[in-house]
Amino acid sequence: MKLSICTDVMGDLSFTDMLDKCVELGVEGIEMTGGGWSKGPHFRADELLADKGLLKQKLAEIEARGLQIAALNCSANPLDPGAMGERHLKEMKETITLAGEIGVETIVTMSGLPEAAPGDTVPNWLVYTKSWPDEMPERDRYQWEDRAFPLWHDLVDFGKKAGIKRYALENFSAMLVWNPETLFRLRNEVGEMVGMNLDPSHLMWMGAEPIASARALGSAIHHCHGKDTRIERGLCDVNGLLELKEVTDVANRSWNYVAVGAGRDLQWWKEFFSVVGMCGYNGWVSLEMEDFTMSTEAGIQSSIDALKATIIR
1 MKLSICTDVM GDLSFTDMLD KCVELGVEGI EMTGGGWSKG PHFRADELLA
51 DKGLLKQKLA EIEARGLQIA ALNCSANPLD PGAMGERHLK EMKETITLAG
101 EIGVETIVTM SGLPEAAPGD TVPNWLVYTK SWPDEMPERD RYQWEDRAFP
151 LWHDLVDFGK KAGIKRYALE NFSAMLVWNP ETLFRLRNEV GEMVGMNLDP
201 SHLMWMGAEP IASARALGSA IHHCHGKDTR IERGLCDVNG LLELKEVTDV
251 ANRSWNYVAV GAGRDLQWWK EFFSVVGMCG YNGWVSLEME DFTMSTEAGI
301 QSSIDALKAT IIR
């Protein structure tokens with residue numbers, strides 16, 4: 001496995017300074033974020049498709065520092081029923097097109113989340129039950145069969161024509177694909193080009209054991225994020241793990257995203273990467289740093305140190 005970093009966390013740096021920082025940190029690759037919800041300025045697909053000279057310049061700067069592009073990331077909701085869904089789908093396809101042009105084989109993205117019934121105007125995450133009330137089975141069927149399956153059949157065809165090899169869908173909340181079971185529901189319909197960006201941090205707060213999740217996924221692991229979660233002692237016992245407070249309200253939340261090693265210890269992370277490797281994954285591990293309990297600089301360095309000590313090289 002090789003260590004990379006999601007570049008969103010350095011969105012305040014210029015492209016050149018961001019690359020120099022990656023070299024200083026000792027990572028081997030960069031997961032370039034742009035499009036969808038990302039505000040990362042460094043590698044915007046629409047900009048680079050329109051300006052091939054700029055694209056050539058940026059690729060040369062990456063190569064000159066001995067770095068590789070681990071993946072292109074466009075975290076988005078292409079199934080949103082409003083204008084945002086149209087924009088996100090457009091930006092996903094631009095990211096896919098760009099990846100094909102520069103020889104990047106992996107797109108990290110999300111499955112999307114649609115409305116629950118025709119005419120609804122907002123996405124609806126149906127996770128409370130599939131059997132009751134009586135209208136739930138139809139809402140579930142509509143989201144998957146009428147909305148998600150057609151979109152992903154199209155995206156698989158689009159990706160193959162562009163030349164990419166795999167989609168890595170992050171197991172994020174408020175998405176149709178948020179755990180291994182839902183990943184396989186989509187993958188079994190549209191094919192093995194669709195796999196998971198295994199992000200253990202989300203599975204932790206959902207109550208799953210990511211090591212067991214990795215075993216269940218096997219060859220469906222297409223990418224991996226190094227990101228940790230801490231379940232906050234006492235607070236989770238009162239309110240449970242469904243948390244609506246702002247991510248910056250760290251002292252009062254039932255759980256927080258934290259630097260790698262500040263949630264699960266390094267022995268756990270060694271076992272996690274050992275099992276991921278045992279399942280056949282030998283690709284990139286990208287640090288995604290969203291710890292608001294410490295400074296960004298401290299969180300990045302602490303996480304990099306932990307990942308260097310635990311990933312299987």
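Under UniProt numbering, the first residue of the sequence shown carries the number 1, and numbering increases by one thereafter.
Glycine residues also receive a C-beta, built at the ideal position from the N, C-alpha and C atoms.
### Message
Once DSSP output is grouped into helix, strand and coil, what is the label at H42?
### Response
Taking the first residue of the sequence shown as position 1, residue 42 is located at position 42. Looking at H42 - three-state DSSP - the assignment turns out to be coil, as it is neither helix nor strand.
### Query
Just how far apart, CA to CA, sit S4 and E135?
Position 4 of the sequence shown, counted from the first residue, corresponds to residue 4. Position 135 of the sequence shown, counted from the first residue, corresponds to residue 135. Cα to Cα, the separation comes out at about 45 Å.
### Message
So, at 7 Å on beta carbons, what are the nonlocal neighbours of R215 in its own chain, with the 5 sequence-adjacent residues on each side left out?
### Response
As a first step, residue 215 is located in the sequence shown; it is residue number 215 there, counting from the start. Once the five neighbours on either side are set aside, the close Cβ partners of R215 are V275, C279.
### Query
Counting Cβ pairs closer than 8 Å, one from the segment 15 to 29 and one from the segment 51 to 67, do we hit at least three?
yes
### Query
With S303 and A259 assumed to form a contact (beta carbons below 8 Å), what rounded beta-carbon distance in angstroms separates them?
The count along the sequence shown starts at 1 and reaches residue 303 at position 303. The count along the sequence shown starts at 1 and reaches residue 259 at position 259. Sure, about 5 Å apart at Cβ, within 8 Å.
### Task
Using the Cα positions of residue 315 and R264, report the straight-line distance between them to the nearest angstrom.
For the chain, the structure presents residues 1 to 313; residue 315 sits outside this window and is missing.
### Message
Let me make sure I understand the geometry here. Which of F15, W37, T97, G26 has the alpha-carbon closest to that of L59?
### Response
For the purposes of this step, residue 59 is identified with residue 59 of the sequence shown, where counting begins at 1. The shortest Cα separation from L59 among F15, W37, T97, G26 belongs to F15.
### Task
With DSSP as the reference, label T16 as helix, strand or coil.
Walking along the sequence shown from the start, residue 16 turns up at place 16. T16: helix per DSSP, three-state reduction.
### Query
Is A298 close to chain B, meaning its C-beta is less than 7 Å from at least one C-beta of that chain?
Judged by its chain identifiers, the structure shown contains no chain B, having just a single protein chain.
### Message
Restricting to Cα atoms, I'd like to know which of C74, N77, P81, A208 is closest to N179.
### Response
Residue numbering aside, residue 179 sits at position 179 when the sequence shown is read from its first letter. Comparing Cα positions, the closest option is A208.
### Query
Grouping DSSP H, G and I as helix and E and B as strand, with all else coil, what is T293?
On the sequence shown, residue 293 is found 293 positions in, with the first residue counted as 1. Coil.
### Task
Apply the 10 Å Cβ neighbour rule to R141 and answer buried if 16 or more other Cβ atoms are within range, or exposed otherwise.
Within the sequence shown, the letter at position 141 stands for residue 141. Exposed is the call here.
#### Entry: Identity of the residue in I311, S111, V104, I102 nearest L89 by Cα
Start at 1 with the first residue of the sequence shown, and residue 89 comes out as number 89. Nearest C-alpha to L89: S111.
#### Entry: Simplified DSSP state of S286, which is helix, strand or coil
Within the sequence shown, residue 286 is the residue found at index 286, counting from 1. In this structure, S286 counts as strand in the three-state DSSP scheme.
### Query
Is the segment 36 to 43 touching the segment 292 to 299 in the sense that three or more CB pairs, one from each, lie closer than 8 Å?
no
### Residues of its chain near G163, where Cβ-Cβ distance is below 6 Å and the 5 sequence neighbours each way are ignored
Stepping through the sequence shown from its first residue, residue 163 is reached at position 163. The answer, listed in chain order, is G100.
### Query
Distance, Cα to Cα, M193 vs R313?
As a first step, residue 193 must be located in the sequence shown, where it is residue number 193. As a first step, residue 313 must be located in the sequence shown, where it is residue number 313. Within the model, the alpha-carbon separation for M193 versus R313 is close to 25 Å.
#### Entry: Element boundaries [alpha helix (DSSP H), containing K160]
Counted from its first residue, the sequence shown places residue 160 at position 160. 149 to 162 is the extent of the alpha helix (DSSP H) around K160.
### Message
Within a Cβ cutoff of 6 Å, which residues of the same chain sit near D80, ignoring the five residues on either side of it in sequence?
### Response
One-based indexing of the sequence shown puts residue 80 at position 80. Answer for D80: P123, listed in chain order.
### Query
Can you name, in chain order, every residue of its own chain whose Cβ lies under 7 Å from the Cβ of W132, other than the five neighbours on each side?
Numbered from 1 along the sequence shown, position 132 holds the residue referred to as residue 132. Cβ within range, chain order: n/a, list empty.
### Query
At which residues does the alpha helix (DSSP H) containing W144 begin and terminate?
What you label residue 144 is simply residue 144 of the sequence shown in a count that begins at 1. Note, W144: premise wrong, no alpha helix (DSSP H); not H, not E.
### Task
Scan the segment 196 to 272 and note each continuous beta strand (DSSP E) run of 3 residues or more that stays entirely inside, going in chain order.
221 to 226, 228 to 231, 255 to 258
### Task
Mind listing, in chain order, the continuous alpha helix (DSSP H) runs of no fewer than 4 residues lying wholly within the segment 80 to 115?
83 to 102
### Query
Any idea if T109 is buried or exposed, counting beta-carbon neighbours within 10 angstroms, 16 or more meaning buried?
As a position in the sequence shown, residue 109 is number 109, starting the count at 1. Taking every protein chain shown into account, the CB of T109 has 16 or more other CB atoms within 10 angstroms, so this residue is buried.
### Task
Locate the alpha helix (DSSP H) running through R166, then write down its first and last residues.
Against the sequence shown, residue 166 aligns to sequence position 166. Element bounds for R166: not the alpha helix (DSSP H) but the beta strand (DSSP E), 166 to 170.
### Inter-residue spacing [alpha-carbon to alpha-carbon] between L186 and M196
Position 186 of the sequence shown, counted from the start, is the residue given in the question as residue 186. Position 196 of the sequence shown, counted from the start, is the residue given in the question as residue 196. Roughly 11 Å between the two C-alpha positions.
### Query
Which residue or residues does DSSP assign as beta-bridge partners of residue 341?
This structure gives no information on residue 341, because the portion of the chain shown stretches from 1 to 313.
#### Entry: Per DSSP, the bridge partner or partners of S4
The count along the sequence shown starts at 1 and reaches residue 4 at position 4. For S4, which the question treats as bridged, DSSP gives the partners G29, S286.
### Task
Give a yes or no on whether the C-beta atoms belonging to G35 and T95 are separated by under 7 Å.
Locating residue 35 in the sequence shown gives position 35, where the first residue counts as 1. Locating residue 95 in the sequence shown gives position 95, where the first residue counts as 1. Less than 7 Å divides the Cβ of G35 from the Cβ of T95.
### First and last residue of the uninterrupted beta strand (DSSP E) at residue 316
The displayed coordinates of the chain run from 1 to 313. Any statement about residue 316 would go beyond what the structure contains.
### A298 versus W284: straight-line alpha-carbon distance, rounded
Counting from 1 along the sequence shown, the entry for residue 298 is found at position 298. Counting from 1 along the sequence shown, the entry for residue 284 is found at position 284. The alpha-carbon atoms of A298 and W284 are separated by roughly 22 Å.
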